[in-house]
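Q:
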Amino acid sequence: VAADGTLLGGVSAPTDDLPAIDVERMPGGKSLTGDARRQAIVAGAVSDALRPLIEAVSSNEDHGVEIMLRGDIPVYFGDGDDATAKWEAAAAVLADPELDYARYVDVRVPARPVVGQDGPVTTPAPVRSANPPA
11 VAADGTLLGG
21 VSAPTDDLPA
31 IDVERMPGGK
41 SLTGDARRQA
51 IVAGAVSDAL
61 RPLIEAVSSN
71 EDHGVEIMLR
81 GDIPVYFGDG
91 DDATAKWEAA
101 AAVLADPELD
111 YARYVDVRVP
121 ARPVVGQDGP
131 VTTPAPVRSA
141 NPPA
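Counting in this note's numbering, the sequence shown runs from 11 upward without gaps.
(1) Rounding to the nearest angstrom, what Cα-Cα distance links residue 40 and residue 32 in this structure?
(2) Helix, strand or coil: which one does DSSP assign to residue 79?
(3) Does the count of Cβ pairs from the region 115-128 and the region 80-94 closer than 8 Å reach three?
(4) Report buried or exposed for residue 57, applying the criterion of at least 16 other Cβ atoms within 10 angstroms of its Cβ.
(5) Output needed for residue 16: all residues of its chain with C-beta closer than 6 Å, excluding positions within five of it in sequence on either side, in chain order.
(6) Would residue 137 be called buried (16 or more neighbouring beta carbons within 10 Å of its own) or exposed?
(7) Beta-carbon separation of residue 29 and residue 85 under 7 Å?
(8) Between which two residues does the beta strand (DSSP E) containing residue 103 stretch?
(9) For residue 112, which option in 83, 87 and 96 has the closest C-alpha, if you only look at C-alpha atoms?
(10) Taking residue 115 as part of the beta strand (DSSP E), name the residues at either end of that continuous run.
(11) Against chain C, with Cβ distances strictly below 7 Å, would residue 114 count as a contact?
Next comes the structure, spelled out in structure tokens:
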């Protein structure tokens, strides 16, 4: 499968370092469709440096395309749009020297990546009105 989801019949390529995309059955047309196509677009946009870190490619209703990186770090991509920008955001987050643990990385909005980290859950203090009711 090409990076845009086009099926490449008769092409031999080493598959050891390529992400796998599971499909229930091969499509009858010339390209993947639906979730499989979005997965191919996202996986196809990964940089050579990050490609070996991919353990699994999947989709779900909550996060769209989800790439599981080595160390069980899921990266949420949403749809396949702006896949290159989303990978750049993920790379920047993962390269941050102050990041010591990530439960997930969410790049669905590449200009505003989010990193989920384990830690204590805090409840914000209630907001008190400057003018309490009489």
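Note that the Cβ used here is the ideal one computed from N, Cα and C, for glycine as well.
A: In this structure, then:
(1) 17 Å
(2) Strand, per DSSP.
(3) yes
(4) Result: exposed.
(5) 41
(6) Low confidence applies here, because residue 137 scores a pLDDT of 49, under 50, leaving its location unreliable; read the following figure in that light. In this structure residue 137 is exposed. Its beta-carbon is surrounded by fewer than 16 other beta-carbon atoms within 10 angstroms.
(7) No, Cβ-Cβ distance for residue 29 and residue 85 is not below 7 Å.
(8) Segment 93-105 is the alpha helix (DSSP H) holding residue 103; no beta strand (DSSP E) there.
(9) 83
(10) 114-116 is the extent of the beta strand (DSSP E) around residue 115.
(11) Reference to chain C is not applicable here, since this structure consists of a single protein chain.
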